[in-house]
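Visitor:
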Amino acid sequence: MTDRTPGLVYFSSASENTHRFVEKLGLPATRIPLHTADTLRVDEPYVLIVPTYGGGRHVLGGERSDKDFVPRQVAKFLNDPHNRGLLRGVIAAGNTNFGDTYCFAGEVISRKCAVPYLYRFELMGTAQDVERVREGLGLFWQQQRQRRPENQLV
Numbered sequence: 143m144t145d146r147t148p149g150l151v152y153f154s155s156a157s158e159n160t161h162r163f164v165e166k167l168g169l170p171a172t173r174i175p176l177h178t179a180d181t182l183r184v185d186e187p188y189v190l191i192v193p194t195y196g197g198g199r200h201v202l203g204g205e206r207s208d209k210d211f212v213p214r215q216v217a218k219f220l221n222d223p224h225n226r227g228l229l230r231g232v233i234a235a236g237n238t239n240f241g242d243t244y245c246f247a248g249e250v251i252s253r254k255c256a257v258p259y260l261y262r263f264e265l266m267g268t269a270q271d272v273e274r275v276r277e278g279l280g281l282f283w284q285q286q287r288q289r290r291p292e293n294q295l296v
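Under the numbering used here, think of the first position of the sequence shown as 143, with each following residue one higher.
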């Protein structure tokens, strides 16, 4: 990840929905490992793309907790202060069938890490979602560079 290529980090489960969305973006991206024994450490600012888990639990009458919505692999990645410190924004995927918990992982991460919640999309996203995210990330990174002097590391 460099200043010229916006940093993207994402997690995708075995369903590969988020992976397919990231592939359609056609931007350099780094995947958080599916197996929690594997680790990832980033060295550049990035935007995180994350699916939402556990959306149906409260619909079925269960209690909901923030940790239920964020994949444990993503929580492990963000629990590393170094990785968390380079996070600049979050984009979330979800399923509209889960009502008010649609893309809730993005809300949780945005609130807990004090970064902007940039966009949300359903499942694998549409062609319009891909275009909006691609354009939005370009504008976002341009604004980020304007806020930071070139000689400032992070």
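The C-beta atom is built at its ideal place from N, Cα and C for all residues, glycine as well.
1) Assuming Ile-174 and Val-151 form a contact by the criterion Cβ under 8 Å, report the distance between their Cβ atoms to the nearest whole angstrom.
2) Quick one: using the 10 Å Cβ neighbour count with 16 as the cut-off for buried, is Asp-185 buried or exposed?
3) Where do the ends of the beta strand (DSSP E) carrying Pro-193 lie?
4) Throw me the rounded Cβ distance for the Asp-222 and Arg-276 pair, which I believe falls under 8 Å.
5) Among residues of its own chain, excluding the 5 on either side of Pro-258, which ones have a beta-carbon nearer than 6 Å to its beta-carbon?
6) Out of Phe-263, Leu-220 and Arg-226, point me to the one whose CA is closest to Thr-238's CA.
7) How many angstroms separate the CA atom of Gly-168 from the CA atom of Glu-273?
Guide: In short:
1) Position 32 of the sequence shown, counted from the first residue, corresponds to residue 174. Position 9 of the sequence shown, counted from the first residue, corresponds to residue 151. Confirmed, Cβ separation roughly 6 Å.
2) Counted from its first residue, the sequence shown places residue 185 at position 43. Exposed, because fewer than 16 other Cβ atoms sit within 10 Å of the Cβ of Asp-185.
3) Here the question's residue 193 lines up with position 51 in the sequence shown. Looking at the DSSP string, the run of the beta strand (DSSP E) that includes Pro-193 is 188-193.
4) Translated into positions along the sequence shown, residue 222 becomes position 80. Translated into positions along the sequence shown, residue 276 becomes position 134. That belief does not hold up - the Cβ atoms of Asp-222 and Arg-276 are roughly 28 Å apart, past 8 Å.
5) What you label residue 258 is simply residue 116 of the sequence shown in a count that begins at 1. Hits under 6 Å: Gly-231.
6) If you number the sequence shown from 1, residue 238 lands on position 96. The option with the nearest alpha carbon to Thr-238 is Phe-263.
7) In the sequence shown, the residue the question calls residue 168 occupies position 26. In the sequence shown, the residue the question calls residue 273 occupies position 131. Computed Cα separation, rounded: 11 Å.
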